[in-house]
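Working notes for the structure below.
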Amino acid sequence: MQVTDSIITKYVGSAYKSINNDDDNSFGDTLTNLVSQSSSNDNPSNSNKIDTVEKFLENLNKYGSAVTLININQQKIDEKLEQKRQELMASLDVENLSDEDKAKAIASINETLEDYKKQLEKEMNEKRMAEQTDKDKLKSILSNL
1 MQVTDSIITK
11 YVGSAYKSIN
21 NDDDNSFGDT
31 LTNLVSQSSS
41 NDNPSNSNKI
51 DTVEKFLENL
61 NKYGSAVTLI
71 NINQQKIDEK
81 LEQKRQELMA
91 SLDVENLSDE
101 DKAKAIASIN
111 ETLEDYKKQL
121 EKEMNEKRMA
131 EQTDKDKLKS
141 ILSNL
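Residue numbering for the sequence shown follows my numbering, beginning at 1 and increasing consecutively.
Here it is in structure tokens:
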């Protein structure tokens, strides 16, 4: 999906109307309408992006923002873990090891991946906490004005 000025203008205009007229259209409804409109105008090469956006909207409506964010972060962690697993398997040349050495190598890889997973989760939690602290500071500053 290519975001164009016309799409942004339509969204801003509809959001403004919604705020001023107390329409029942929510942000999700507006975004869904925009995706539908733009999907009819896009070429087939962008259909993958449109499917991704539609899946995101579906998950957002089904699970809510917090669970959707947790799922996205978990997917990122899983992708990084799989990439790291492939790198470790290749660097240790596991396929060409004897059965005993292969078992030891896989156990070592699994242990390394567990440590790596804990590190990634810690980094994401620290990032989330820092963002929350920044938001709280901003709210405090704005409330004092």
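Note that CB positions come from ideal geometry on N, CA and C, so glycine has one too. All of these numbers come straight from a predicted model, not from anything done at the bench.
Look at residue 92 here: in three-state DSSP terms it is helix. Residue 109 places its beta carbon 8 Å or farther from that of residue 81. Pairwise C-beta distances place the segment 117 to 132 out of contact with the segment 96 to 108, as fewer than three of them are shorter than 8 Å. Non-local beta-carbon contacts of residue 112 in its own chain, meaning distances under 7 Å to residues more than five positions away in sequence, involve 88 in chain order. For residue 97, the three-state secondary structure derived from DSSP is coil.
Residue 107 and residue 128 have their C-alpha atoms roughly 32 Å apart. When the beta-carbon positions are compared, residue 61 and residue 71 stay at least 8 Å from each other.
Distance between residue 117 and residue 63, taken at the CA atoms: about 24 Å. Between residue 77 and residue 120 the beta-carbon gap is near 5 Å, inside 8 Å, which marks them as a contact.
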